[in-house]
Amino acid sequence: MQAVKTWIETTPYADYEISIASADASFRKYYRLTQGDKTFLVMDSSLEKESLSPFLDVTKRLAHAGVNVPKIYEQDLKRGYLVIEDFGNTHLLSQLTKKNFKELYKKAIDEIVKMQKADANGLPLYDKAFLHFEMDLMREWYLEKKLGISLTQAEAQILESILSTISDTVLTQPQNIFVHRDYHSRNIMVKEDEELGIIDYQDAMSGAITYDLVSLLKDCYISFNREAILELVLYFRDQVAPDVSDTTFIKWFDFMGMQRHIKVLGIFSRLHLRDGKEGYLKDIPLTLHYTLDAAQRYDETKKFAKLLKKLTS
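Residue numbers for the sequence shown follow our numbering, so the first one is 15 and each next one is one higher.
Below, the structure written as structure tokens:
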């Protein structure tokens, strides 16, 4: 924290008190600056300075589309520091209940609709190669390194064939759309005025229409019953693709969910094994449940569900 304090002394916030706010799954840290009832956040990206330029770029894109993202007050790209607007400590996750989740999710879905109006030109593409790069994390980090499983040649062939089917199906839905890429209840803040503030969008890409919807409604940290979730899926569909049938749109949603959760099984395992972050292990069972539940629903992926169930039981 000393390096951050030294930098703050060169800014208009030198007289503010500084305290630790939070850290996230990456190597970023956040500090809160306080003076009376005024607060700001310091984003410390000194360990991954390369993430700041994308953060600034995507902030502009989202702000231009009317999305509620933090204002930026000070920046030092050389050292890796920003002073940004403080959206408080209340994540959407802490506010969700069985009584209010539909109402709150609709507000969050309305933000996706806004985000999808943001300029996606020049953002990295979620193409077939990248979809597979992500899904391959499951085999390496979850199956092989965490569970200690070596796939047989036949099992590996089944896996590769079905992952290809998943990516092909994902690519049949509308593409080249702004994708936040980690739009879940821990990255959505509920501000004092009860409006939603969106954070952690620096890894945005250009991809499929259902990606952020899946991140939100098949959240790896909390779940609700599928019937209610599908109502919300169609609430989103009615706004962005009203001519697409229920069956088709739900299939897009489920296959996008399989792609994301296959990746996340690998990511959570890697966070534990490589980065020493054990907190994500408790979220693997729900992520696995989402993957199996969706895979069992479609003829194209039933073999995958059977294989994954065998390997993980």
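Every residue gets a Cβ at the ideal spot worked out from N, C-alpha and C, and that includes glycine. Note that this is a predicted model, so its numbers are computed, not measured.
Nearest CA to the CA of residue i: which residue from the options?
i           : options               : result
residue 107 : 122, 97, 84 and 95    : 122
residue 299 : 162, 36 and 235       : 235
residue 142 : 184, 309 and 156      : 184
residue 33  : 255, 16, 26 and 77    : 16
residue 192 : 266, 25 and 73        : 73
residue 241 : 257, 101, 264 and 259 : 264
residue 311 : 290, 280, 268 and 287 : 268
residue 41  : 245, 214, 251 and 75  : 214
residue 227 : 158, 205, 217 and 194 : 194
residue 127 : 245, 319, 76 and 272  : 76
residue 189 : 36, 174 and 225       : 225
residue 272 : 146, 246 and 250      : 146
residue 239 : 204, 113, 254 and 319 : 113
residue 251 : 124, 165 and 18       : 124
residue 202 : 319, 139 and 229      : 229
Helix, strand or coil: which one does DSSP assign to residue i?
i           : result
residue 360 : The chain is shown from 15 up to 327; residue 360 falls before or after that span and cannot be answered.
residue 333 : Here the chain has residues from 15 to 327 only, and residue 333 is not among them.
residue 263 : helix
residue 258 : coil
residue 46  : strand
residue 130 : coil
residue 192 : strand
residue 208 : coil
residue 198 : coil
residue 54  : strand
residue 31  : strand
residue 36  : strand
residue 140 : coil
residue 81  : coil
residue 235 : coil
residue 272 : helix
residue 180 : helix
residue 156 : helix
residue 223 : coil
residue 322 : helix
residue 310 : coil
What is the C-beta distance between residue i and residue j, in whole angstroms, given that I count them as a contact (C-beta under 8 angstroms)?
i           : j           : result
residue 110 : residue 199 : 6 angstroms
residue 132 : residue 81  : 7 angstroms
residue 270 : residue 137 : At roughly 17 angstroms, the Cβ-Cβ gap does not stay under 8 angstroms, so residue 270 and residue 137 are not in contact.
residue 321 : residue 158 : With 8 angstroms as the limit, residue 321 and residue 158 do not qualify as a contact, their Cβ atoms being about 15 angstroms apart.
residue 172 : residue 317 : 6 angstroms
residue 204 : residue 104 : 5 angstroms
residue 70  : residue 86  : 7 angstroms
Short check: CB of residue i to CB of residue j, under 8 angstroms?
i           : j           : result
residue 187 : residue 134 : no
residue 176 : residue 20  : no
residue 91  : residue 57  : no
residue 129 : residue 279 : no
residue 327 : residue 155 : no
residue 231 : residue 119 : yes
residue 196 : residue 217 : yes
residue 306 : residue 324 : no
residue 94  : residue 63  : yes
residue 285 : residue 294 : yes
residue 25  : residue 100 : no
residue 55  : residue 44  : yes
Does the stretch 44-59 touch the stretch 22-32, meaning 3 or more C-beta pairs lie closer than 8 angstroms? yes
Using 8 angstroms as the threshold, is the stretch 200-211 in touch with the stretch 293-310, meaning 3 or more CB pairs across them? Too few Cβ pairs lie closer than 8 angstroms, so no.
Pairing CB atoms from the stretch 149-163 with CB atoms from the stretch 273-291, are three or more of them under 8 angstroms? yes
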